[in-house]
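**Q**
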Amino acid sequence: MKVSELARRAEVTAETVRHYVREGLLEPARDPHNNYQLFDEGALGRLRFILRARTLGFSLKEIRDIVAHADQGDSPCPLVRDMLSARLPEVQARIRELQSLAERMEQALTAWSTMPDGSPDGHTICQLIEHWNEGADDCCPSRVEKQHAQEASH
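Everything in the sequence shown is counted per UniProt numbering, starting at 1 for the first residue and increasing by one.
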């Protein structure tokens, strides 16, 4: 099947298929008459695998490693478990950071609802941001958290 047919059957764009070809995750044959890229049913299965792996947060490099294990006849399942086990705490930490950001945004919007709009005067750009949480230690949470972690480790 051609790129467009593979894309249609996998419910992705032709550009997505071409991207995975460029990344080395899909390997088409070539039609000797017109040099078109041709894919077999195995490519459809591999493309669906790639798409599922992406929904679980695997990077293209990780997917390449997983596929390489499988192509060598080795079970990639232990590798997959290890990768996901290592990634999950990172994702959970990122979720906490985003929840904290959402809370700060809600607090800012609440505080700003009663503040007048200001015009830039050469000293300020936007008073809402410049006066937000003035003097608070949590201006830059990630910097403050890193500083506290460093102080605790010494």
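The beta-carbon is built from N, C-alpha and C at its ideal position, and this holds for glycine as well.
Contact between the segment 49–67 and the segment 21–35: three or more CB pairs below 8 Å?
**A** Result yes; three or more Cβ-Cβ pairs closer than 8 Å.
**Q** Can you give the beta carbon distance from M83 to F58, rounded, assuming they're within the 8 Å contact cut?
**A** That belief holds up - the Cβ atoms of M83 and F58 are roughly 7 Å apart, short of 8 Å.
**Q** Using the Cα positions of T110 and T55, report the straight-line distance between them to the nearest angstrom.
**A** C-alpha separation (whole angstroms): 35 Å.
**Q** First and last residue of the alpha helix (DSSP H) that includes W112?
**A** Per DSSP, W112 belongs to the alpha helix (DSSP H) from 77–112.
**Q** Applying the 10 Å Cβ sphere with the 16-neighbour rule, what's the burial state of L101?
**A** Exposed is the call here.
**Q** Along the chain, where does the alpha helix (DSSP H) containing L25 start, and where does it finish?
**A** Here L25 belongs to no alpha helix (DSSP H), and DSSP marks it neither H nor E.
**Q** Near T124, which residues of its chain fall below 7 Å by C-beta distance, leaving aside the five closest residues on each side in sequence?
**A** The answer, listed in chain order, is G118, E130.
**Q** For the candidate residues T13, H69, Q127, whose alpha-carbon lies nearest to that of L47?
**A** The residue with the shortest Cα to Cα distance from L47 is T13.
**Q** Who does L38 pair with in a DSSP beta bridge?
**A** BP columns for L38 point to A29.
**Q** What is the rounded straight-line gap between the Cα of R9 and the Cα of L44?
**A** Straight-line Cα distance between these residues: approximately 8 Å.
**Q** By the three-class DSSP mapping on this structure, what secondary structure does K2 have?
**A** Coil at K2, not helix or strand.
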